[in-house]
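To keep things clear, I will list the structure first and then write my remarks on it.
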Amino acid sequence: MLKGTPLSMVPRKEYAKLLQQAVNRYGGSLLLAGRAGMGRREAASLVANMHQMPVFSPKLTSSYGIKQFRNDLKMVIQDAAINGKHVVYIIEDYQLLHDAFLQSINSLLSSGDIPGIFAAQEFDSFLVSLREQASQDAFQGDLYSYFIMSKFSTNLHIILILNVDDTNFSLKCSSNPSLYKECSIIWNEIWNKNALSQLSELILSRHNIKAANDILIAFGQIYHQCPSEIAPPAKYIRFIENYACILNKKRTAIETRSNRLKAGIGKLTEARESVSNMQKKAAKKSKLLAEKQSDADMALKAISQSMTNANYQRSDMEQLKLATVKENERIEKQKSLIDEQLREVEPVLREAREAVGSIKSESLSEIRSLRAPPEAIRDILQANAKRASAAAAPLAAWVRANLDYSTILERVTPLQKEKNDLIK
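For the sequence shown, position 60 matches number 60 in UniProt numbering, and the numbering has no gaps at all.
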């Protein structure tokens, strides 16, 4: 059963209307002849769902054969006849794997029965339900006829979809005359321009593509320019699908590249801002460095000047030291000379002190009492004072020593002062 199957395309309104009219008839079956890709299956499924009719269609497998096909038909017939439901059975030409499939469909359409499809035991299991329904419907006749005519034939709607491009299409129809005798035939081989535009817009919208109207018209023009034998509707659908896939791939590639470029631009912008900030910081640091360099140059200049001054001072100190050495040598020489002269005076002073020390107080009194020394004393003083007077001799020596000391003192005093100055 096909339930909730998504539609690959939206059928045209006029086409869906024809399907609806055919299905609404009791036992109405359809032969939809056309070309692949016209959307006949979608239209049939849509109409069935609108009338809340369950849709059945063979599900092919590698082992699918006549037995499986007849089992599917029995299930559909039972659902339509016993359960009293209107059932739509859709079968397409690619599902007709064997000629017997189409022959069975032809038999159903012509007589409402497929000989031998139900075994006697299988049919007997339906009798109780059929008897009750026949009684309710006041049916007069055998139950099998009621099963075929009143239930199965009126509730089952067979929709056969055949491709007119198939080389066996005419043979299939001629070999199974009930297809065109018992079915309403809807022949649809080509779309008009409006339908092509709508179909293109629908397919592109499913791929999230919004196309301009002139592009949609161009698609239809391309299709109509192609020879009909090589351009069935299915190829047009694939053409639009391929266009949408290629466009989305290109868009994805462009978006990926754009995002990569945007990311690269973002990195470049970030790098530029970073470089700009570093340049600003570098400018500030360059200014600070220039100031520090200026201070360093000034400090270096000051150090150089100090070193130059120190060199000058060191030279002056060396010269001063040399001059001091020379001056010390001169002072030492002068000091030695003064000491030598003082040593010469020292004996005289010592002799004078000894002479004065030997004078007695009586002798001094005697000398003081003489206002004018007698001539004899004067002579003694001028000659040998010691023999003439014991008091006069020492005094004479003292006087003479004082005279010598005075003479020497006049000569030594400047030397002594000079020595003291040199020592300071």
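In this text, a Cβ means the ideal position worked out from N, Cα and C, and glycines have one as well.
Nothing here was measured: the structure is a model prediction, and the numbers come from that model.
In three-state terms, what does DSSP make of residue i?
i      : result
ALA296 : helix
SER63  : coil
LEU83  : Residue identity check: residue 83 is Asn in the sequence provided, not Leu. Residue state, collapsed to three classes: coil.
THR5   : Low per-residue confidence applies at THR5: pLDDT is 43, beneath 50, and the placement is therefore not dependable, though the value from the model is reported in the following sentence. It is coil, neither helix nor strand.
ALA120 : helix
PHE56  : strand
SER184 : strand
ILE303 : helix
ILE265 : helix
LEU31  : strand
ILE203 : helix
ILE114 : coil
ASP421 : helix
THR407 : helix
GLN20  : helix
PRO11  : The predicted model places PRO11 with a pLDDT of 49, which falls under 50 and marks its position as unreliable, so this point remains unresolved.
Can you give the beta carbon distance from residue i to residue j, rounded, assuming they're within the 8 Å contact cut?
i           : j      : result
ARG40       : GLY34  : 6 Å
LEU30       : ILE159 : 5 Å
LEU156      : ILE77  : 7 Å
GLN334      : GLU410 : The pair is not a contact, with the Cβ atoms about 18 Å apart (cut-off 8 Å).
residue 444 : MET38  : In this structure the chain extends from 1 to 424, so residue 444 is not present and cannot be described.
SER200      : ILE240 : 5 Å
SER153      : GLY112 : 4 Å
TYR64       : LEU96  : Actually they are not in contact, since the Cβ atoms of TYR64 and LEU96 sit about 11 Å apart, beyond 8 Å.
ILE222      : LEU32  : That pair is no contact at about 26 Å.
PRO232      : ALA36  : 5 Å
What residue range is occupied by the uninterrupted beta strand (DSSP E) comprising residue i?
i      : result
ASN163 : 156–163
SER125 : Per DSSP, SER125 belongs to no beta strand (DSSP E) and is neither H nor E.
ALA212 : It is not in any beta strand (DSSP E) - ALA212 carries neither H nor E in the DSSP assignment.
Relative to the C-alpha of residue i, which candidate in the options has its C-alpha closest?
i      : options                        : result
PHE101 : PRO58, THR407, ARG260, SER62   : PRO58
GLU92  : ILE161, ILE222, ARG257         : ILE161
SER178 : GLU255, GLN121, GLN103         : GLN103
ASP72  : GLN416, HIS51, ARG257, ILE105  : ILE105
ASP166 : TYR180, TYR94, THR154, SER111  : TYR94
LEU108 : GLU182, GLN121, GLY264, VAL55  : GLU182
GLN133 : HIS157, ASN83, SER170, ASP99   : ASN83
ALA234 : ASN176, ILE203, GLU332         : ILE203
ILE90  : ASP297, LYS281, ILE66, PRO54   : PRO54
SER45  : GLN68, SER62, LEU19, GLN78     : LEU19
MET50  : THR61, ALA80, VAL88, GLN221    : VAL88
LEU403 : GLU351, CYS226, ASN420, ALA212 : GLU351
GLN127 : LEU143, PHE118, ALA138         : Correcting the residue type first, residue 127 is Leu in the shown sequence and not Gln. Answer by Cα proximity: LEU143.
ASP339 : LYS280, GLY266, PHE118, PRO414 : PRO414
THR407 : GLU362, SER358, ASN420, GLN341 : GLN341
ALA81  : ASP316, PHE118, GLN293         : PHE118
Does any residue of chain E have a CB that is nearer than 8 Å to the CB of residue i?
i      : result
SER135 : In the structure shown, chain E cannot be found, because there is only a single protein chain.
Taking the alpha helix (DSSP H) that residue i falls in, what are its first and last residues?
i           : result
ASN106      : 99–111
PHE169      : 169–175
residue 427 : Residue coverage of the chain in this structure runs from 1 to 424, which leaves residue 427 outside it and unanswerable.
Counting beta carbon pairs with one atom in the stretch 120–130 and one in the stretch 194–202, are three or more of them shorter than 8 Å? no
Tell me whether the stretch 257–275 and the stretch 60–77 touch, counting them as touching only if at least three CB pairs, one residue from each stretch, are closer than 8 Å. no
Are there three or more Cβ pairs, one per stretch, closer than 8 Å when the stretch 207–222 is compared with the stretch 233–252? yes
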